[in-house]
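Numbering (the working numbering), first residue to last: 2 to 502.
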């Protein structure tokens, strides 16, 4: 697969995610204004338990279809049947466990929320498997359409219900309807009449079993903190933590997901060519870091004025949480490409071992932090586990590609230096603006472009000082020039002679 093909796929997904997640961010702001941290806390309890159950039953059959070199109709039907069985387990499990879970959390309001959350998870798991399979050929239009419809419908309905009900039901019902519409549309966009069969289930499980275990560990890892906060702290504190986590994830997630979604099918086509795969990973991961790291760090630097402007004073408790959690997501951007790399190589067992180590580190760190210092202690424990997790993931990349940890870090050295310059410029400027009594909106308007200029300028100077060496900067610049040239070519209208002087 050519670099241009990956770039086009990433660009298409990127534009889609920008549109849908700008709408998502706007809806989050509106809902935060209409609802309370306690409302978000109740929703977070349901989504946390649902996320863990979904992970424990996730078979990753879609990824197995993409990874296979030969896919038959029996493989597709088997994938759909396995998804149907899983969805029935999710809906039934939540219906049976709803009241006991509500008793466990000490809040009877949770019982009906758990039932509806289970139905939502079940419907979302029944998406047409051909939609995922199309990405193997770098065809992302069906996926893009589903993302837009599902996201926007959920947001519009949630806001409308929040204006009417002014409680947690707005988010839960909106998500359920959005998930149902997305699933229905998937069969209209890519025609498919499913058949019940498990004849090829072993072929799919051969790839996905270790991936399932790894993803289960990964989700429990990232959901464990919300699970114990919900058990030991009031819902309002869980709501603040959930809001902080959602907001902190937006910059890095939106900056990396479009490219990462194209990397798995692209890497999968390079199986057997280790040198080509190693070079492709270096360039892709370098490009991810150049874009995502400054965005994630910059967002954390502006947490206080942004929360004050967007969410209002009742959410100021989330500011120190965002400042620390944002650094966790920033570090993660340095190894984001490791998962599609391992999946393309079929190294799902290695992913499981990596995620298991991550869980074994995170659980004691966040538990000890919560027990000793409350919510802030938990966040600092999460940061510590993220640092160690970065080292573990780097070791996985070394195993798969032969790139040493030092080589991986060296690929990001100019990016890290540029982010350091950006951070210093923003912090110094913000200190002076606060002394002048500048308002939060004006601070954002001044500091955001200052940080961008400081980062881009320092990164460019460092690249020039290196002799314009080959790497992610050169690749990104080449892709940018190609895109500009194509736009100019399309904008030039041919001059047609009419024969009239």
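Even glycine gets a Cβ: it sits at the ideal position worked out from N, Cα and C.
Here the structure is a predicted model, which is why all the values come from computation and not from measurement.
Does the beta-carbon of residue i have 16 or more other beta-carbons within 10 angstroms, so that it is buried, or is it exposed?
i           : result
residue 165 : exposed
residue 465 : exposed
residue 73  : exposed
residue 469 : exposed
residue 443 : exposed
residue 398 : buried
residue 346 : buried
residue 306 : buried
residue 374 : exposed
residue 474 : buried
residue 246 : buried
residue 497 : Unreliable positioning characterises residue 497 in this predicted model, as indicated by a pLDDT of 44, which lies under 50. The coordinate reading is nonetheless provided below. Its Cβ having fewer than 16 others within 10 Å, residue 497 is exposed.
residue 32  : buried
residue 376 : buried
residue 244 : buried
residue 432 : exposed
residue 197 : exposed
residue 221 : buried
residue 446 : exposed
residue 187 : buried
residue 191 : buried
Going by the CB atoms, is the gap between residue j and residue i shorter than 8 Å?
i           : j           : result
residue 149 : residue 21  : yes
residue 288 : residue 322 : no
residue 336 : residue 395 : yes
residue 404 : residue 279 : yes
residue 62  : residue 130 : yes
residue 265 : residue 344 : yes
residue 448 : residue 303 : yes
residue 390 : residue 370 : no
residue 82  : residue 199 : yes
residue 281 : residue 160 : no
residue 184 : residue 249 : no
residue 224 : residue 53  : yes
residue 147 : residue 132 : yes
residue 51  : residue 119 : yes
residue 143 : residue 135 : yes
residue 205 : residue 98  : no
residue 115 : residue 95  : yes
residue 342 : residue 401 : yes
residue 227 : residue 214 : no
residue 286 : residue 412 : yes
Taking 6 Å as the limit between beta carbons, can you name the residues of its chain near residue i, skipping five residues before and five after?
i           : result
residue 440 : none
residue 455 : 422, 423, 426
residue 241 : 38, 318, 319
residue 387 : 329, 332
residue 76  : 201
residue 176 : 121, 155
residue 219 : 356
residue 158 : 175, 178
For residue i and residue j, which I take to be in contact (beta-carbon distance under 8 Å), what is that distance rounded to the nearest angstrom?
i           : j           : result
residue 173 : residue 55  : Between residue 55 and residue 173 the Cβ distance is about 16 Å, and since that is not below 8 Å, they are no contact.
residue 311 : residue 39  : So it is not a contact: roughly 19 Å between Cβ atoms.
residue 103 : residue 112 : 4 Å
residue 340 : residue 352 : 7 Å
residue 58  : residue 87  : 5 Å
residue 34  : residue 313 : 6 Å
residue 1   : residue 256 : The requested residue 1 does not occur in the structure, where the chain is confined to residues 2 to 502.
residue 334 : residue 290 : 6 Å
Give every residue of the same chain whose Cβ lies closer than 7 Å to the Cβ of residue i, excluding the five residues on either side of it in the sequence, and list them in chain order.
i           : result
residue 463 : 415, 418, 419
residue 252 : 296, 297, 300
residue 368 : 229
residue 409 : 395, 398
residue 325 : 380, 381, 384
residue 182 : 150, 151, 154
residue 195 : 78, 81
residue 566 : Outside the shown range of the chain (2 to 502) lies residue 566, about which nothing can therefore be said.
residue 451 : 426, 427, 430
residue 393 : 355, 358, 359
residue 91  : 54, 55, 58, 119, 122, 123, 126
Sorted by chain position, which residues of the same chain lie with C-beta nearer than 8 Å to residue i's C-beta, five sequence neighbours on each side aside?
i           : result
residue 36  : 163, 167, 168, 169, 171, 172
residue 501 : For residue 501, the pLDDT reaches just 39, beneath the cut-off of 50, and the residue's location in the model is therefore unreliable, leaving the point undetermined.
residue 521 : The displayed coordinates of the chain run from 2 to 502. Any statement about residue 521 would go beyond what the structure contains.
residue 235 : 39, 42
Should residue i be counted as a contact of the ligand COA given a C-beta to heavy atom distance under 7 Å?
i           : result
residue 288 : In the structure on display, the ligand COA does not appear, and there are no ligands present to speak of.
Original post:
What are the uninterrupted segments assigned as alpha helix (DSSP H) that are 4 or more residues long and contained completely in the stretch 187-256, given in chain order?
Top reply: Whole alpha helix (DSSP H) segments, 4+ residues: 202-233.
Subject >> Inside the stretch 269-314 only - alpha helix (DSSP H) runs reaching at least 4 residues >> reply: 275-302, 304-311
Subject >> In chain order, each alpha helix (DSSP H) run of at least 4 residues that lies wholly inside the stretch 140-185 >> reply: Unbroken alpha helix (DSSP H) runs of no fewer than 4 residues, entirely contained in the stretch 140-185, are found at 142-166, following chain order.
**OP:** At 4 residues or longer, and completely inside the stretch 26-110: list those alpha helix (DSSP H) runs for me, N to C.
**Re:** 38-58, 62-68, 74-106
Original post:
Along the chain, which unbroken stretches of the alpha helix (DSSP H) at least 4 residues long are found entirely within the stretch 338-376?
Top reply: 339-345
Original post:
For the stretch 403-434, which segments carrying the alpha helix (DSSP H) assignment without a break, of at least 4 residues, lie completely within its bounds, in sequence order?
Top reply: 406-411
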